[in-house]
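Have a look at the structure below before the remarks.
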Amino acid sequence: LAAAAPGEFDPYRVLGVGRSSSQADIKKAYKRLAREWHPDKNKDPGAEDKFIQISKAYEILSNEEKRANFDRYGDAGESQGFSQQQHRQFHRFHDGFYFDESFFHFPFNSERRDTSDEKYLLHFSHYINEIVPDSFKKPYLIKITSDWCFSCIHIEPVWKEVAQELEALGAGIGVVHAGYERRLAHHLGAHSTPTLLGLINGKITFFHNAVVRENLRQFVENLLPGNLVEKITDKNYIHFLSHWRKDNKPHVLLFDHMPVVPLLYKLTAFAYRDYLSFGYVYVGLRGTEELSSQYNINVYTPTMMIFKEHIDRPADVVQAREMKKQLIDDFLSQNKFLMVARLTNQRLFQELCPVKKSHRQRKHCVVLLTEEGEKFAEAYEAFLTFAVANTKDTLRFVHIYSDRQPEFADALLMDEEKYRGRSAVVILERRNNAGKIAYKALEGAWQGSKEDNFILLDLLDQLRTDPGLLSSETVVADLNDELAPMFLIRWFYSTMDYISDWWDSLFHSNWREMMPLLSLLFSALFILFGTVIVQAFSDSSDTRDTPPSGKEETAAKTEKNDASFSKESNSRIPKKSFVEVTELTDINYTSNLVRLRPGHMNVVLILSNSTKTPLLQKFALEVYMFTGSSSLHFSFLSLDKHREWLEYLLEFAQDAAPIPNQYDKHFLERDYTGYVLALNGHKKYFCLFKPHRSGDEGGTLGSCEDYDALQHAEARGKSSCSPGSRSIKNKLHKLSFWMERLLEGSLQRFYIPSWPALD
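Mapped onto the UniProt record's numbering, the consecutive letters of the sequence shown carry residue numbers 1 to 759.
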């Protein structure tokens, strides 16, 4: 057995376990060390290297085959165990043959690969806190890779070339190792390696074409908005440069002999889009001769010009045979603002007039408070001339429209009458970010005369030696954003972005990302169609015609103005123009009650031979609106034949009040015609409707609770239910209301131990 030589990679030593340790001990040691040395938690400079060693050591020792190879040969057998400080080759001798691993050039291990990716490696916290915010200034091209990835090795030369090229142009580059940053890879939506994606404005876009230089460059270029750079010719250059007042930005022109806008220029325009407007002039195109001649452009050398308030002459110019990113950044960063920029929002105010941090970093803002229109144009031009002549690092000249920022103007001028309808100049210094400022206003209104210029110049000279000149203090509110788009425009852009994301996700995203959505969609369709099919079969079974013996049908045409339809919205629409009422006999008693399906009820009307016809007619009118329910069945019971069965059931409807026994003299006189029982055969309970009593205008809903009092009154011979005290049809008055309560489940239920036989 050949043990690892001193100084070589030893997974046992890395994890701090012995060679006889069990898998449980190895796993426990790995978890403890991984938590301790994870780069997101450990800020030690060597934490990342240590974490990689721990992961590789666990990969070897957790696999019995690799562990056995390491114990036998000092190598895991799959190019594992290379330290980051050393590179070694294994020479194997078998049957007289000699092999050198370097001959095959399989750089699966990260130490064998090109180390150029190391400076681009991303961690989750780094990506969230730095890369995503930075994607609003430049697009990122990100590669997700892993060990033992043949395709990753195949694209590595192209990736290396494109990464170096795009980085030099101003694009961001990132590399995510899926083996060590699984959380980040999952967050990016990468489920396989290699995966290439772009990030811009916090939005991820996947690359789906062949990995070649031209496709990758075009992919990054397509990430950028299409309106960053405007094509300029002799016809539109004056209109373009004249927009400085509306945009409140300097305008940049690049003159070059390339027919298309260079990617470097597009990336620069994206980075500075909040400060500058960009135009491109193709000097080889007809229609640009006047423009090139006016500004004396060398057509063979790329030239960049910045125009501010004066469009007849550039404020600054740079020329170079090869425009480099650093040169452009230095040039543009010094010309981000107009000579007298207008304060249109709070962010611009904070940048132009920063808070005083120390005595040496004092910056004073000279603010012209004016308004739009020809009336104030002369005062503005005089202020602009003064600003150009007195530009200093410690001074910023700005102007603001008082009518658009009234709170700011009122806080400085105190709404004094002498400034009303006229321009004014204020020198101020911001003291903190809460809006506190020190300021001093010129005594009179600003008219741009020589006297005004001398007064302002004298104040600025005094300010250099005496900072206490700014004697007044106040607190100003945040400025309104004058250039913010309207709500409808913002909503439109948000909708377009959402549709674009949805379209991209539908046709280009990884299918694993779409699986949850597809699963939800198919589940909803399955439930929908399944419910329809079950309902269809249920309806068909309910409407089967199986007439039992003794069945009688009573057809009753409904009256449109009947009061029983006052709550029709709470029940189903009837499916037939008649009510099916079946007599409850000993033949169908079992099927219609005892073995009634769960959830179904049989509504039984109690009648006698003499009251059969009028009660059935009234019963049909009252219950017709409920015949659309498939869970309700309607029957009638002959009191002359089954009085004993009914008396047995009514005994369970008693509470504390006693029921007259069979020896009571009123036993045979009790009249139960007009009573309605709602029988639930499965759960063995019933609800009771008692006939309506004439003389009670309020009536009753036939609730089960009042049955005892009724029976007690009947037992004394004072029943109001006798046929002589009311008409037969009035017995079922308000039965429809009772049916409503039955369907609502608000009626009292009387339970019985078992259904008695119907003899």
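All C-beta atoms, glycine included, are put in the ideal place defined by N, C-alpha and C. Since we're looking at a predicted model, the values are computed, not measured.
- Between Leu-646 and Tyr-672 a beta carbon distance of about 6 Å is seen, short of the 8 Å cut, so the two are scored as contacting.
- The beta carbon of Pro-259 sits closer than 8 Å to those of Tyr-282, Gly-284, Leu-285, all from its chain and outside the five residues before and after it, given in chain order.
- The criterion of a C-beta distance shorter than 8 Å is satisfied by Ser-277 and His-243.
- Counting along the chain, Lys-31 sits inside the alpha helix (DSSP H) bounded by residues 23-37.
- In the structure shown, the three-state DSSP call for Lys-143 is strand.
- In this model, Leu-677 and Phe-529 are separated by some 38 Å (Cα to Cα).
- In this structure Thr-288 is buried. Its beta-carbon is surrounded by 16 or more other beta-carbon atoms within 10 angstroms.
- When Lys-249, Thr-301, Phe-636, Phe-376 are compared, the shortest CA-CA separation from Asn-588 is found for Phe-636.
- Phe-626 is positioned such that its CB atom lies no closer than 8 Å to that of Glu-580.
- Scanning Gly-226, Pro-225, Thr-205 for the CA closest to the CA of Leu-216 turns up Thr-205.
- Put simply, the segment 129-138 touches the segment 198-212. At least three CB pairs are less than 8 Å apart.
- Restricting attention to beta strand (DSSP E) runs no shorter than 3 residues, the segment 395-453 encloses them at 395-401, 424-430, 436-441, ordered along the chain.
- The residue from Gly-198, Val-355, Leu-593 with its alpha-carbon nearest to that of Glu-429 is Val-355.
- Ranked by Cα distance from Asn-680, the options Thr-233, Asp-247, Ile-752 are led by Ile-752.
- Taking a cut-off of 8 Å on C-beta distances, the segment 167-187 touches the segment 116-131, as three or more cross pairs fall below it.
- Bridge partners of Thr-474 according to DSSP: Ile-437.
- In the DSSP assignment, Phe-652 falls outside any beta strand (DSSP E), carrying neither H nor E.
- DSSP places Val-623 in the helix class (H, G or I) of the three-state scheme.
- Between the alpha carbons of Met-304 and Leu-241 lies a distance of about 14 Å.
- When the Cα atoms are used, Leu-267 and Leu-224 turn out to be separated by approximately 8 Å.
- Within its own chain, the residues whose Cβ lies closer than 6 Å to the Cβ of Glu-290, once the five positions on either side in sequence are excluded, are Asp-234, listed in chain order.
- Exposed is the label assigned to Met-496, since fewer than 16 other Cβ atoms lie within 10 Å of its Cβ.
- Annotated as distal: Tyr-380 and Thr-391, with beta-carbon spacing of 8 Å or more.
- Membership of Ile-54 in the alpha helix (DSSP H) is indicated by the continuous run 47-61.
- Each of Ser-293, His-186, Gln-334, Asp-40 was checked against the Cα of Val-252, and the nearest Cα belongs to Gln-334.
- About 5 Å separates the CB atoms of Phe-652 and Phe-750; that is less than 8 Å, so the two are in contact.
- Under the three-state reduction of DSSP, Gln-748 is assigned to coil, being neither helix nor strand.
- CA-to-CA, the gap between Tyr-419 and Asp-256 works out to about 49 Å.
- When DSSP states are grouped into helix, strand and coil, Cys-152 belongs to the helix group.
- In this structure, the CA atom of Ala-34 is about 40 Å from the CA atom of Leu-521.
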